[in-house]
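**Q** Protein sequences appear in the order of chains Y and B. Position one of the first sequence corresponds to residue 1 (UniProt numbering), numbered consecutively onward. Position one of the second sequence corresponds to residue 1 (UniProt numbering), numbered consecutively onward. Let me begin by handing over the structure; questions about it come next.
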Amino acid sequence: MTDWIDIGTLADIPQRGARTVQIGDEKEIAVFRTGDDQIFALVNECPHKKGPLSQGIVHGHSVACPLHNWNIALKTGEAQGEDKGCTPTIAVKQEDGRILIARPELAKVAA
Amino acid sequence: MELQDGLSPVVDSGDDILVPMDDVREHLVVVGNGMAGCRAVEELLARDSVRYRVTIFGAEPHVNYNRIMLSPVLAGEKTFEDIIINDRAWYDDNGITLITSDPVTAIDRAAKTVTSQSGRTIGYDKLLIATGSDPFIIPVPGKDLPGVISFRDMKDVDSMLAAAEAGKSVGGGEAVVIGGGLLGLEAAHGLTLRGMKVTVLHIMPTLMERQLDEAAAWLLKNALEGRGQTILTGADTAEIYGEGKVEGVRLKDGTQIPASLVVMAVGIRPSVALAREAGLDVGRGIKVDDHMVTSDADVLAVGECVEHDGNVYGLVAPLWDMCRSLADGLTDRHTGYKGSVTSTKLKVAGLDVFSAGDFSGGEGCEDIVLRDASRGVYKRVVVKDDKIVGAVLYGDTADGGWYFDLLKRGENVSDIRDLLIFGQAFAQGGGALDPKAAVAALSDDAEICGCNGVSKGQVVACIEKGACSLDAVRAGCKASASCGSCTGLVENILSVVLGDDVQSGPKTMCKCTSFGHDDVRREIVAQDMRSIPEVMQKLHWSTPDGCSSCRPALNYYLLCALPGVYVDDQQSRFVNERMHANIQKDGTYSVVPRMWGGLTNPRELRAIADVVEKYDAPMVKVTGGQRLDIFGIKKEDLPAVWADLNAAGMVSGHAYGKSLRTVKTCVGSEWCRFGTQDSTGLGVKTERMTWGSWMPHKFKIAVSGCPRNCAEATIKDFGVVCVDSGYELHVGGNGGIHVRVTDLLCKVSTEQEALDYCAAFTQLYREEARYLERTAPWIERVGVDYVKQRIVEDDAGREALRARFLYSQSFSQDDPWAERAAGANTELHQHLDPISIAAE
Numbered sequence: 001m002t003d004w005i006d007i008g009t010l011a012d013i014p015q016r017g018a019r020t021v022q023i024g025d026e027k028e029i030a031v032f033r034t035g036d037d038q039i040f041a042l043v044n045e046c047p048h049k050k051g052p053l054s055q056g057i058v059h060g061h062s063v064a065c066p067l068h069n070w071n072i073a074l075k076t077g078e079a080q081g082e083d084k085g086c087t088p089t090i091a092v093k094q095e096d097g098r099i100l101i102a103r104p105e106l107a108k109v110a111a
Numbered sequence: 001m002e003l004q005d006g007l008s009p010v011v012d013s014g015d016d017i018l019v020p021m022d023d024v025r026e027h028l029v030v031v032g033n034g035m036a037g038c039r040a041v042e043e044l045l046a047r048d049s050v051r052y053r054v055t056i057f058g059a060e061p062h063v064n065y066n067r068i069m070l071s072p073v074l075a076g077e078k079t080f081e082d083i084i085i086n087d088r089a090w091y092d093d094n095g096i097t098l099i100t101s102d103p104v105t106a107i108d109r110a111a112k113t114v115t116s117q118s119g120r121t122i123g124y125d126k127l128l129i130a131t132g133s134d135p136f137i138i139p140v141p142g143k144d145l146p147g148v149i150s151f152r153d154m155k156d157v158d159s160m161l162a163a164a165e166a167g168k169s170v171g172g173g174e175a176v177v178i179g180g181g182l183l184g185l186e187a188a189h190g191l192t193l194r195g196m197k198v199t200v201l202h203i204m205p206t207l208m209e210r211q212l213d214e215a216a217a218w219l220l221k222n223a224l225e226g227r228g229q230t231i232l233t234g235a236d237t238a239e240i241y242g243e244g245k246v247e248g249v250r251l252k253d254g255t256q257i258p259a260s261l262v263v264m265a266v267g268i269r270p271s272v273a274l275a276r277e278a279g280l281d282v283g284r285g286i287k288v289d290d291h292m293v294t295s296d297a298d299v300l301a302v303g304e305c306v307e308h309d310g311n312v313y314g315l316v317a318p319l320w321d322m323c324r325s326l327a328d329g330l331t332d333r334h335t336g337y338k339g340s341v342t343s344t345k346l347k348v349a350g351l352d353v354f355s356a357g358d359f360s361g362g363e364g365c366e367d368i369v370l371r372d373a374s375r376g377v378y379k380r381v382v383v384k385d386d387k388i389v390g391a392v393l394y395g396d397t398a399d400g401g402w403y404f405d406l407l408k409r410g411e412n413v414s415d416i417r418d419l420l421i422f423g424q425a426f427a428q429g430g431g432a433l434d435p436k437a438a439v440a441a442l443s444d445d446a447e448i449c450g451c452n453g454v455s456k457g458q459v460v461a462c463i464e465k466g467a468c469s470l471d472a473v474r475a476g477c478k479a480s481a482s483c484g485s486c487t488g489l490v491e492n493i494l495s496v497v498l499g500d501d502v503q504s505g506p507k508t509m510c511k512c513t514s515f516g517h518d519d520v521r522r523e524i525v526a527q528d529m530r531s532i533p534e535v536m537q538k539l540h541w542s543t544p545d546g547c548s549s550c551r552p553a554l555n556y557y558l559l560c561a562l563p564g565v566y567v568d569d570q571q572s573r574f575v576n577e578r579m580h581a582n583i584q585k586d587g588t589y590s591v592v593p594r595m596w597g598g599l600t601n602p603r604e605l606r607a608i609a610d611v612v613e614k615y616d617a618p619m620v621k622v623t624g625g626q627r628l629d630i631f632g633i634k635k636e637d638l639p640a641v642w643a644d645l646n647a648a649g650m651v652s653g654h655a656y657g658k659s660l661r662t663v664k665t666c667v668g669s670e671w672c673r674f675g676t677q678d679s680t681g682l683g684v685k686t687e688r689m690t691w692g693s694w695m696p697h698k699f700k701i702a703v704s705g706c707p708r709n710c711a712e713a714t715i716k717d718f719g720v721v722c723v724d725s726g727y728e729l730h731v732g733g734n735g736g737i738h739v740r741v742t743d744l745l746c747k748v749s750t751e752q753e754a755l756d757y758c759a760a761f762t763q764l765y766r767e768e769a770r771y772l773e774r775t776a777p778w779i780e781r782v783g784v785d786y787v788k789q790r791i792v793e794d795d796a797g798r799e800a801l802r803a804r805f806l807y808s809q810s811f812s813q814d815d816p817w818a819e820r821a822a823g824a825n826t827e828l829h830q831h832l833d834p835i836s837i838a839a840e
């Protein structure tokens with residue numbers, strides 16, 4: 001069993017944007033690519049009202065939720081500023097142009 | 001005396017005073033150019049700027065400066081220029097004659113004149129004594145030796161700086177500060193920073209005993225000793241010794257402390273000699289009534305030199321209260337000074353200290369104490385009969401204002417007693433631990449600036465009147481303009497009131513830039529900038545790629561400035577504009593196809609019905625803009641939905657955009673018995689002309705066929721009301737949270753003119769409104785007269801605006817749905833391949 005799952009290439013994700021990956025029937029993971037080409041993966045739900053973070057505006061290493069403009073730190077999943085809440089994050093890494101996502105953490109958030 | 005043109009009202013020592021002979025106003029002479037005297041004049045001018053001719057005598061050679069800030073000057077944190085309150089221009093602008101370096105030495109109340117040291121004698125109608133206080137010099141041998149100074153004015157600071165400079169050649173030099181109160185500790189701190197070895201002598205057992213209890217004083221002493229100062233408490237000075245100049249201090253227990261500088265900072269005494277010699281009623285200070293009038297009705301006194309109702313004050317806040325009452329009295333208002341309750345929030349040598357009320361304890365008093373040794377924090381709140389009667393805070397004074405507010409209001413704190421000591425955020429619940437929330441929770445009458453007696457409500461009012469920076473607030477309501485210890489609070493209020501919302505932050509666009517919207521737009525055009533990264537680079541953005549406030553704004557500004565050239569940045573679009581549909585709370589989308597002028601036909605209705613069934617849309621609703629909204633479409637189905645709608649001839653309704661939404665119409669003259677013109681036909685033509693245009697915000701149009709106005713044209717951004725003789729054009733209406741009825745722009749006689757004016761108005765709004773500013777607030781900001789001037793009165797300008805709009809439209813009327821349906825931007829709609837997390 002491999003601990004890292006290949007989900008695609010950097011070019012699959014728009015810069016300052018996100019794509020989604022479905023795991024199981026219910027959960028969606030948002031995979032973000034920032035302006036400096038770093039990759040982050042979070043559960044695709046804002047801690048506030050579960051807005052799809054993948055559809056937000058990516059700026060710096062944050063994303064603004066499309067529903068009510070909460071800003072979520074991509075690295076920690078923590079809401080920024082006065083808002084309180086946290087979205088689960090999943091470890092990702094880039095290797096040879098491929099994006100790999102950590103299976104055990106994925107299993108945890110999908111459970 | 002010779003009269004000159006351009007007579008300068010500022011007179012330096014030695015000059016004659018030149019009085020315009022035709023000035024018959026009452027003459028107010030102020031003795032003392034310090035904080036109280038000048039503030040009294042400021043308050044007076046604010047009430048009546050012309051009633052009195054004002055002359056101010058000052059003993060020092062300077063303009064009015066902030067005496068509280070001498071400590072930072074000594075410490076090297078500020079320069080003298082930084083602490084000037086009123087510069088020469090203020091005296092000039094207000095016609096005030098300032099006589100510096102010339103103290104008043106005598107008052108002749110019978111003749112109503114004052115005489116100065118240099119021999120000037122001038123008459124007064126009203127005299128204001130604001131002589132402040134004198135440093136108390138303890139009567140020990142050697143007190144007059146060169147090198148013994150007080151800490152009261154700029155001259156003292158200069159002496160200390162000179163001593164520190166001279167000490168450099170001998171490894172720093174040694175100084176003794178007599179007095180362990182606020183002033184003494186500030187002097188010691190400054191001298192330490194300037195490199196001197198400092199010993200503080202305090203006669204009492206603990207430092208700052210009037211402001212701090214024993215525990216806090218001990219913490220303070222430890223902290224100061226940690227910085228290299230020697231603190232001797234219970235130290236009684238016997239003599240200052242030296243041959244021709246200071247060489248040291250000897251205590252009564254025989255201890256000798258060598259020093260080249262001795263600063264006496266044991267206290268101040270109201271400066272009353274002048275008043276006493278003039279025969280005024282003097283107790284500890286010059287006795288005054290509630291309007292600061294002395295025992296002579298034409299002589300007033302204010303500040304540290306007065307005694308009101310048995311009290312003498314040495315803090316700045318009461319002085320400001322007095323100045324207000326004094327100015328009220330001088331301008332025939334009768335409010336009256338009622339004494340002040342004071343709190344002390346100080347930075348002592350950079351350490352935060354706060355105290356208020358009575359903390360001496362005693363019968364019926366309960367102490368609530370919090371100590372956090374590792375952080376060096378001590379808090380003590382004294383409660384009596386369920387009310388706060390005193391508080392001492394050391395190390396963390398953030399809640400001082402809140403405790404003082406509860407104290408002054410006599411609030412019953414029994415409900416929050418358990419949490420009281422942890423501060424406002426805890427005690428009032430909500431887990432609101434950040435300072436902004438704490439400030440937001442303060443009541444409007446909570447005092448923010450103790451120095452100037454400014455409440456939160458006054459600061460908020462000042463900000464709402466347009467002050468949007470710290471400096472503007474200082475200028476507007478004086479909050480944070482004296483000692484500056486409330487600067488953090490004021491900044492938090494600024495951010496609570498203004499936020500970083502692009503709409504309400506009138507000065508800067510967002511926190512990424514120091515430029516405002518209008519500046520950015522102007523620079524985009526002036527420097528011919530062509531991309532968001534270029535704007536951020538050239539205008540020094542502080543963030544790598546902006547934020548969700550500025551990116552959409554910049555994208556719009558570039559799009560508007562460079563039609564046909566600028567390539568839209570999808571990632572700088574809000575989700576709805578990127579997806580060309582409206583996101584709903586469950587993450588699905590709603591889809592609104594355009595129905596020109598609200599008209600539809602069987603083919604369109606069939607296509608919509610088919611889409612609803614095919615994609616299992618749970619709801620269809622008729623919108624307020626006369627079209628149909630299909631709800632519950634998944635992002636991956638959107639391109640297929642659009643393809644089906646396109647096939648029936650429909651295009652995007654832009655119900656999701658900062659763009660032209662709909663043109664609402666009534667049936668007009670074709671069917672309606674009241675109709676005066678073909679409102680439906682004009683609506684369709686208007687929508688065909690304007691659809692697809694991006695705007696600063698959403699934009700709605702309506703055309704009503706008669707003044708009954710069934711299409712509600714007078715709450716639209718652009719509304720046409722048809723009348724028998726033509727078309728009334730209305731602008732700037734809004735049916736949202738703040739309903740605003742349109743302003744009448746003008747009346748035109750032909751349909752073509754109505755269209756032309758519509759195009760020109762739309763373009764003016766596109767080019768000049770700020771992003772996310774609807775036409776209603778934009779017109780309120782620029783004035784409808786300005787819009788009329790550009791659209792109605794300037795024929796060539798209107799034609800140019802119309803031409804620019806139509807040129808821009810030639811690039812924007814491609815249906816975005818058709819492009820997506822044909823396969824553009826599939827990544828926005830398709831998931832990456834789903835993955836299974838089961839082990840392989």
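Glycine residues also receive a C-beta, built at the ideal position from the N, C-alpha and C atoms. No experiment lies behind these values; they were computed from the predicted model shown.
So which residues of chain B does Ala64 (chain Y) contact, with C-beta pairs closer than 7 Å?
**A** Per Cβ cutoff of 7 Å: Ser548.
**Q** So, does the CB of Arg22 (chain Y) fall closer than 8 Å to a CB anywhere in chain B?
**A** For the sequence presented, residue 22 (chain Y) should be read as Gln rather than Arg. Chain B contact via Cβ: present.
**Q** Alpha carbon to alpha carbon, how far is Val302 (chain B) from Leu494 (chain B)?
**A** Rounded to whole angstroms, Val302 (chain B) to Leu494 (chain B) spans 33 Å at the Cα level.
**Q** Can a CB atom of chain B be found closer than 8 Å to the CB of Val43 (chain Y)?
**A** Closer than 8 Å: no.
**Q** With a threshold of 8 Å between beta-carbons, can residue 112 (chain Y) be considered close to chain B, or not?
**A** Lying outside 1 to 111, the shown extent of chain Y, residue 112 (chain Y) is not represented and no answer is given.
**Q** Out of B:Gly783, B:Pro777 and B:Leu764, state which residue places its alpha-carbon closest to the alpha-carbon of Ile791 (chain B).
**A** Per the Cα distances, B:Leu764.
**Q** Among B:His189, B:Lys143 and B:Leu772, which one has its Cα closest to the Cα of Val246 (chain B)?
**A** The option with the nearest alpha carbon to Val246 (chain B) is B:Lys143.
**Q** Against chain Y, with Cβ distances strictly below 8 Å, would Leu832 (chain B) count as a contact?
**A** It does: the Cβ of Leu832 (chain B) has a partner Cβ on chain Y nearer than 8 Å.
**Q** Measure the Cβ-Cβ separation of Arg380 (chain B) and Asp213 (chain B) and say whether it is below 8 Å.
**A** It is a contact, given that the beta carbons lie within the stated cut-off.
**Q** Name the chain Y residues that come within less than 9 Å of Ala809 (chain B), Cβ to Cβ?
**A** It is Gln, not Ala, that sits at residue 809 (chain B) in the sequence shown. Residues of chain Y passing the Cβ test: none, with the nearest at roughly 27 Å.
**Q** Count the other C-beta atoms from every protein chain shown that fall within 10 angstroms of the C-beta of Phe57 (chain B), then say buried if there are 16 or more, exposed otherwise.
**A** Phe57 (chain B) comes out buried.
**Q** Please report whether the beta-carbon of Asp36 (chain Y) lies at a distance below 8 Å from any beta-carbon of chain B.
**A** Answer yes: the Cβ-Cβ gap between Asp36 (chain Y) and chain B drops below 8 Å somewhere.
**Q** Can you list, in chain order, the residues of its chain whose CB lies under 6 Å from that of Lys197 (chain B), leaving out five sequence neighbours each side?
**A** Taken in chain order, the residues that qualify are Gly172 and Glu174.
**Q** Just list the residues that DSSP pairs Asp387 (chain B) with in beta bridges.
**A** According to the sequence provided, residue 387 (chain B) is Lys. The question's Asp does not apply to it. Bridge partners of Lys387 (chain B): B:Lys384 and B:Asn412.
**Q** DSSP beta-bridge partners for Gln22 (chain Y)?
**A** Partner(s): Y:Glu28.
**Q** Indicate whether Trp320 (chain B) and Arg39 (chain B) have their beta-carbon atoms separated by less than 8 Å.
**A** Going by C-beta atoms, Trp320 (chain B) is nearer than 8 Å to Arg39 (chain B).
**Q** What are the residues in the segment 560 to 583 of chain B lying within 9 Å of chain Y by C-beta distance?
**A** Answer set for the segment 560 to 583 of chain B: Asp569, Gln570, Gln571, Ser572, Arg573, Phe574, Val575, Asn576, Arg578, Met579 and Ile583.
**Q** Taking Cβ-Cβ distances shorter than 7 Å, what residues in chain B pair up with Leu53 (chain Y)?
**A** What Leu53 (chain Y) touches in chain B: nothing, since even the nearest Cβ is about 10 Å away.
**Q** Count the other C-beta atoms from every protein chain shown that fall within 10 angstroms of the C-beta of Thr20 (chain Y), then say buried if there are 16 or more, exposed otherwise.
**A** Its Cβ being crowded by 16 or more others within 10 Å, Thr20 (chain Y) is buried.
**Q** Cα separation between Lys384 (chain B) and Ser133 (chain B)?
**A** Taking the straight line joining both Cα atoms gives about 35 Å.
**Q** I'd like the span of the alpha helix (DSSP H) that includes Gly675 (chain B), first residue to last.
**A** That residue, Gly675 (chain B), is in no alpha helix (DSSP H); it is neither H nor E in DSSP.
**Q** Does the beta-carbon of residue 870 (chain B) have 16 or more other beta-carbons within 10 angstroms, so that it is buried, or is it exposed?
**A** This structure cannot settle anything about residue 870 (chain B), because the visible part of chain B is limited to 1 through 840.
**Q** May I ask you to verify whether the segment 757 to 772 of chain B touches the segment 781 to 799 of chain B, counting CB pairs closer than 8 Å and requiring at least 3?
**A** These segments touch.
**Q** For Val565 (chain B), is the classification buried or exposed, using 16 other Cβ atoms within 10 angstroms of its Cβ as the cut-off for buried?
**A** Classification of Val565 (chain B): exposed, given that the 10 Å Cβ count is below 16.
**Q** Going along chain B, which residues have a C-beta under 9 Å from Ile39 (chain Y)?
**A** Simply none; closest approach about 12 Å.
**Q** Tell me which same chain residues have a C-beta within less than 7 Å of the C-beta of Ser669 (chain B), skipping the five on either side of it?
**A** Excluding sequence neighbours, Ser669 (chain B) sits near Gly675, Thr676, Gln677, Asp678 and Gly705.
**Q** Under three-state DSSP, which class holds Ala11 (chain Y)?
**A** Note: Ala11 (chain Y) maps to helix in three-state DSSP.
**Q** Counting pairs of Cβ atoms below 8 Å between the segment 434 to 453 of chain B and the segment 384 to 396 of chain B, do you hit three or more?
**A** No, the segment 434 to 453 of chain B does not touch the segment 384 to 396 of chain B.
**Q** What do you reckon, are the CB atoms on Ala111 (chain Y) and Ala102 (chain Y) nearer than 8 Å?
**A** Result no, Cβ atoms of Ala111 (chain Y) and Ala102 (chain Y) do not sit closer than 8 Å.
**Q** Would you kindly report the start and end of the unbroken beta strand (DSSP E) that includes Ser62 (chain Y)?
**A** Its beta strand (DSSP E) spans residues Ser62 to Ala64.
**Q** Quick one: using the 10 Å Cβ neighbour count with 16 as the cut-off for buried, is Arg522 (chain B) buried or exposed?
**A** When all chains shown are included, Arg522 (chain B) counts as exposed.
**Q** Are the CB atoms of Phe718 (chain B) and Pro563 (chain B) within a distance shorter than 8 Å?
**A** Contact flag unset, no.
**Q** In terms of residue numbering, what span does the alpha helix (DSSP H) encompassing Phe761 (chain B) cover?
**A** Residues Glu751 to Glu768.
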